[in-house]
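Residue numbers (the working numbering): 1468 to 1731.
Every residue gets a Cβ at the ideal spot worked out from N, C-alpha and C, and that includes glycine.
For clarity, every value in this text was computed on a predicted model and none was experimentally measured.
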Ligand SMILES: NC(=O)c1ccc[n+]([C@@H]2O[C@H](COP(=O)([O-])OP(=O)(O)OC[C@H]3O[C@@H](n4cnc5c(N)ncnc54)[C@H](OP(=O)(O)O)[C@@H]3O)[C@@H](O)[C@H]2O)c1
């Protein structure tokens, strides 16, 4: 297939929104996920609505076998845009995270991103065109207790993408990392997290559509690090500029209050 956007994790949330956005622009799609019925239904709806071709690859990308399966499925496709979006969160504190989940989150949110990017970059470099979008999180700026492996892998994605941008500066390949705050998606339910998805106030849950719109606007402007929404921007400032002791105090207090609310 030619003129393809490959999006990992397009079953729901941000990935599905990116799929619609690039289909609207006339790209054919390759979309991945593990929930077969859902992703196939998404593919059918997008094909009917936007008149583009959509290939689905049902694959778990949290291990080497899954990533190799995806690479063999896409080896004949001309990929113009890669969106490394698939990701998940973990509920327990670090000391209680099962080894399997620890390996999985690190593989999906580091190895899979790196391997897919390098592979697809090779064909983009031959054509000297393309776009790589990596989905990080505002957690990359501010690690929180109860979320440290997630935030740490998202910090890796941020650093990796900024480095990639600088390495590719003399090419016509666009590179962006997106660092959203809370998103109203399947993310928290999938992790078994008990959250109230508030739609107002600080750290509210934004709609995936709004985040993709803001990130696409930043991409047009050539912004390498896109931080959609005011709340995520505040988190970035806190994480980057507060003295560390003050930062720890604020985050620890916030986490305690949140936990009290959850266990009430
Ligand atoms: N939700 C938030 O508050 C938030 C905040 C900041 C950043 N983010 C990031 O935004 C991205 C999209 O998340 P979302 O909020 O849209 O959540 P979502 O609705 O749960 O979407 C996550 C996607 O990743 C896929 N995925 C998860 N684990 C996978 C695995 N092991 N192998 C293959 N695919 C996998 C899921 O597909 P299947 O379940 O079908 O496999 C799904 O399509 C993630 O990278 C997430 O870390 C989320």
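With fewer than three CB-CB distances shorter than 8 Å, the stretch 1560-1567 does not count as touching the stretch 1532-1540.
Counted as a single uninterrupted DSSP element, the alpha helix (DSSP H) harbouring residue 1586 occupies residues 1579-1594. For residue 1524, the beta-bridge partners assigned by DSSP are 1499. For residue 1653, the CB falls within less than 6 Å of some heavy atom of ligand 1. Where residue 1549 is concerned, the enclosing beta strand (DSSP E) starts and stops at 1546-1551.
Apart from sequence neighbours up to five positions away, the residues of its chain that approach residue 1706 with a beta-carbon distance below 6 Å are 1608 and 1609, ordered along the chain. Taking 7 Å as the cut-off, the Cβ atoms of residue 1477 and residue 1498 count as close. At a threshold of 6 Å, residue 1637 does not count as near ligand 1, since its beta carbon sits no closer than that to any of the ligand's heavy atoms.
DSSP places residue 1479 outside both helix and strand once states are collapsed to three, so it counts as coil.
According to the DSSP assignment, residue 1536 belongs to the alpha helix (DSSP H) that extends over 1531-1540. Sixteen is the threshold: when 16 or more other Cβ atoms of the shown chains lie within 10 Å of the Cβ of residue 1551, as they do, the residue is buried. Burial is judged here by how many other beta carbons sit within 10 angstroms of a residue's own beta carbon; residue 1713 has fewer than 16 and is exposed. Excluding five sequence positions before and after residue 1595, the CB atoms of its chain that fall closer than 7 Å to its own CB belong to 1638 and 1639, given in chain order. Rounded to the nearest whole angstrom, the C-alpha separation of residue 1700 and residue 1517 is 33 Å.
Ligand 1 has a heavy atom closer than 6 Å to the beta-carbon of residue 1528.
For residue 1638, the three-state secondary structure derived from DSSP is coil. Taking all protein chains in view, the Cβ of residue 1646 is crowded by 16 or more other Cβ atoms within 10 Å, so the residue is classified as buried. Under the three-state reduction of DSSP output, residue 1557 falls in the coil class, being neither helix nor strand.
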